[in-house]
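K.L.:
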Amino acid sequence: MLVPRIVKIVVNISVGGSSERLDKAVKLLNQLTGSKPIIRHAKKTIREFGISRRQPIATVVTLRGSKAYEFLRKALTAINNTIKEESFDNYGNISFGIKEHLLIPGVRYDPDIGIFGMDVAITVERPGYRVLKRRRCRVKSIPKRHRVSKEESMLLMEILFGARIAHKR
7 MLVPRIVKIV VNISVGGSSE RLDKAVKLLN QLTGSKPIIR HAKKTIREFG
57 ISRRQPIATV VTLRGSKAYE FLRKALTAIN NTIKEESFDN YGNISFGIKE
107 HLLIPGVRYD PDIGIFGMDV AITVERPGYR VLKRRRCRVK SIPKRHRVSK
157 EESMLLMEIL FGARIAHKR
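Residues 7 to 175 (our numbering) are what the sequence shown spells out, left to right.
#1: What are the partner residues of Ala127, as DSSP defines its beta bridges?
#2: Kindly confirm or deny that the region 91-110 and the region 58-72 touch, where touching means at least three C-beta pairs closer than 8 Å.
#3: Can you name the start and end residues of the alpha helix (DSSP H) that Ala84 belongs to?
#4: Tell me the DSSP bridge mates of Leu166?
#5: Count Cβ pairs between the region 22-35 and the region 127-136 that sit closer than 8 Å; are there 3 or more?
#6: Straight-line CA distance for Asp118 to Leu69?
#7: What does the alpha-carbon distance come out to for the pair Lys150 and Val67?
#8: Which complete beta strand (DSSP E) runs does the region 12-67 hold, if anything under 3 residues is left out?
#9: What first and last residue would you give for the beta strand (DSSP E) that runs through Ile89?
#10: If we ignore side chains and look at the alpha-carbon of each, how far apart do Lys14 and Thr83 end up?
#11: Tell me the rounded alpha-carbon separation between Leu8 and Ala127.
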């Protein structure tokens, strides 16, 4: 079988409203990742939260290649190299949160920016998965034996990054 690999990492900071805080979050993501973040807008109005449709509420950056691996090493250090078993989905993807960006090594507190938490989503695939996404000669589905399982993804994180998996009791 082909060895699974990390295709991309998506880092998300959801502010929920204020444009001033959103600008600070964009500045922070740019500093942390070295890539230009984009701004996400609300899909629908939620009156209870004070959010209206098309209002900017979050900032997101997608990392691929060496930048993704470099950021993931720092992010894992921020959560003490421990990932919960519930953070893995059935297709091998991983998601976890960082409560404060100050936990990431090498980051100092900046009073102009403040403190933000963030979500990190990791997409894991095998080589050859691209045939499902290409435009020409697209296949209808990828066989289950070629998809990445939860256990394979856990093993990948343990081997590549030395991460500990916290199992449910």
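Glycine included, each C-beta is placed from N, C-alpha and C at the ideal position.
P.N.:
Let me spell this out:
#1: Val16 and Ser101
#2: no
#3: For Ala84, the enclosing alpha helix (DSSP H) has its first and last residue at Ser72 to Ala84.
#4: In the DSSP output, where bridge partners are listed per residue, Leu166 has none listed.
#5: no
#6: 25 Å
#7: 30 Å
#8: 44-47
#9: Thr88 to Lys90
#10: Distance from the CA atom of Lys14 to the CA atom of Thr83, rounded to whole angstroms, is 19 Å.
#11: 22 Å
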